[in-house]
Amino acid sequence: DAGVTQSPTHLIKTRGQHVTLRCSPISGHKSVSWYQQVLGQGPQFIFQYYEKEERGRGNFPDRFSARQFPNYSSELNVNALLLGDSALYLCASSPKSTNEQFFGPGTRLTVL
Amino acid sequence: AQKVTQAQTEISVVEKEDVTLDCVYETRDTTYYLFWYKQPPSGELVFLIRRNSFDEQNEISGRYSWNFQKSTSSFNFTITASQVVDSAVYFCALSATTSGTYKYIFGTGTRLKVLA
Chain S
1 DAGVTQSPTH LIKTRGQHVT LRCSPISGHK SVSWYQQVLG QGPQFIFQYY EKEERGRGNF
61 PDRFSARQFP NYSSELNVNA LLLGDSALYL CASSPKSTNE QFFGPGTRLT VL
Chain D
1001 AQKVTQAQTE ISVVEKEDVT LDCVYETRDT TYYLFWYKQP PSGELVFLIR RNSFDEQNEI
1061 SGRYSWNFQK STSSFNFTIT ASQVVDSAVY FCALSATTSG TYKYIFGTGT RLKVLA
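Each protein sequence line maps, in turn, to chains S and D.
Just so we're aligned, residue 1 is where the first sequence starts under our numbering, counting upward by one.
Just so we're aligned, residue 1001 is where the second sequence starts under our numbering, counting upward by one.
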């Protein structure tokens, strides 16, 4: 079975631009979560979606938004990029929101 | 507020030594879940174990064991007879639903280096 997939793998943007990251969960998983991981730190929770509804939100500004589609895939959008948004963005899926999470390989975003 | 503390930033051991990674958590929720994840040099986080707040049974899986103690708010992870392949960053995490809102908190991680 395929694991969690994320695209793109790497991305370079400049300040002020907008970015969309994509995630496909493991088949049968209805929950998708997004995390930001800065080098040397633990993942920081951004959003969780379950059955296409937002179920949780971390302490991130409104420039960050997400959505989940009927096929349970998800997009993370970040507007007005800042240098500090440079990080590894991880997507994780799980059957339900309280289960263990299965992580994708991440998207490495560099903001110049 | 919820918090996960992994006080050990980095640990180095020689192969075949036992090593314990500490995790202390804070939460006011009565129902919560605790997790351990491994992040090898390749970068992809790998799930190791989940415990819910009502299950204080310790667990052993091969060379891995976990000690959950609610009295001290700790969920420690022991690797017995460590191997070089155990070298990775290990994260402890806490999840809970508070007022209908879900949160998932990771610790800062412990980097384990197992030397041959």
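Think of the CB as a built atom: it goes at the ideal place given N, C-alpha and C, for glycine as much as any other residue.
Owing to the predicted nature of the structure, the values given are computational and were not obtained by experimental measurement.
Interface residues of chain S facing residue i [CB-CB closer than 8 angstroms]
i: Ile1105 (chain D); result: Phe45
i: Arg1050 (chain D); result: Asn99, Glu100
is_contact[residue i, chain S] using C-beta, thresh 9 angstroms
i: Phe1047 (chain D); result: yes
i: Thr1102 (chain D); result: According to the sequence shown, residue 1102 (chain D) is Tyr rather than Thr. Output row for Tyr1102 (chain D): interface = yes.
i: Phe1068 (chain D); result: no
i: Ser1095 (chain D); result: yes
First through last residue of the beta strand (DSSP E) which encompasses residue i
i: Lys1070 (chain D); result: Per DSSP, Lys1070 (chain D) belongs to no beta strand (DSSP E) and is neither H nor E.
i: Asn77 (chain S); result: 74-78
i: His29 (chain S); result: Per DSSP, His29 (chain S) belongs to no beta strand (DSSP E) and is neither H nor E.
i: Ala10 (chain S); result: It is worth fixing the name first, because residue 10 (chain S) is His in this sequence and not Ala. From DSSP, the beta strand (DSSP E) with His10 (chain S) extends over 10-13.
i: Leu109 (chain S); result: 107-111
i: Tyr1090 (chain D); result: 1088-1098
i: Pro91 (chain S); result: Looking at the sequence provided, one finds Cys at residue 91 (chain S) rather than Pro. Here the beta strand (DSSP E) through Cys91 (chain S) covers 87-94.
i: Thr1110 (chain D); result: 1110-1115
i: Leu1034 (chain D); result: 1033-1039
i: Ser65 (chain S); result: 64-68
i: Ser1053 (chain D); result: Careful: Ser1053 (chain D) lies outside any beta strand (DSSP E) and carries neither H nor E.
i: Val1004 (chain D); result: 1003-1005
Best match in the options for proximity to residue i [C-alpha to C-alpha]
i: Gly189 (chain S); options: S:Ser33, S:Leu81, S:Gly42, S:Thr20; result: Outside the modelled stretch of chain S, which goes from 1 to 112, sits residue 189 (chain S), for which no answer is possible.
i: Trp1066 (chain D); options: D:Glu1026, D:Val1019, D:Ala1096; result: D:Val1019
i: Gln1057 (chain D); options: D:Phe1047, D:Lys1070, D:Arg1028; result: D:Lys1070
i: Thr1101 (chain D); options: S:Ile12, S:Ser7, S:Phe45; result: S:Phe45
i: Val1004 (chain D); options: D:Val1013, D:Ser1087, D:Gly1109; result: D:Gly1109
i: Tyr50 (chain S); options: S:Thr98, S:Gln36, S:Arg108; result: S:Thr98
i: Tyr1090 (chain D); options: D:Glu1017, D:Asn1076, D:Ala1096; result: D:Asn1076
i: Phe60 (chain S); options: S:Asn79, S:Phe69, S:Glu53, S:Gln68; result: S:Asn79
i: Lys1038 (chain D); options: D:Val1013, D:Ile1049, D:Asp1029; result: D:Ile1049
i: Lys1103 (chain D); options: D:Tyr1033, D:Thr1009, D:Val1013, D:Val1014; result: D:Tyr1033
i: Ala2 (chain S); options: S:Thr9, S:His29, S:Leu11; result: S:His29
i: Val1024 (chain D); options: D:Leu1112, D:Phe1047, D:Ile1105; result: D:Ile1105
i: Gly84 (chain S); options: S:Leu39, S:Cys91, S:Gly58; result: S:Leu39
i: Val1084 (chain D); options: D:Glu1010, D:Val1014, D:Asp1029, D:Phe1054; result: D:Val1014
i: Lys96 (chain S); options: S:Ile12, S:His10, S:Ser31; result: S:Ser31
i: Gly106 (chain S); options: S:Gln17, S:Pro43, S:Lys13; result: S:Pro43
Residue-level contact to chain D via CB, residue i, 9 angstroms cutoff
i: Glu100 (chain S); result: yes
i: Gly56 (chain S); result: yes
i: Gln48 (chain S); result: yes
i: Tyr35 (chain S); result: yes
Within chain D, partners of residue i - CB distance below 8 angstroms
i: Leu90 (chain S); result: Leu1045
Within chain D, partners of residue i - CB distance below 9 angstroms
i: Pro105 (chain S); result: Ser1042, Gly1043, Glu1044
Contact set between residue i and chain D, taken where Cβ atoms lie within less than 7 angstroms
i: Arg42 (chain S); result: Note that residue 42 (chain S) corresponds to Gly in the displayed sequence, not to Arg. Phe1091, Phe1106, Gly1107, Thr1108, Gly1109, listed in chain order.
Inter-residue CB distance, residue i and residue j (contact presumed, cutoff 8 angstroms)
i: Val19 (chain S); j: Phe102 (chain S); result: Incorrect: roughly 24 angstroms between the Cβ atoms, too far for contact.
Chain A contacts made by the stretch 1013-1047 of chain D, where a contact means CB separation under 7 angstroms:
Protein chains S and D are contained in the structure displayed, whereas chain A is not.
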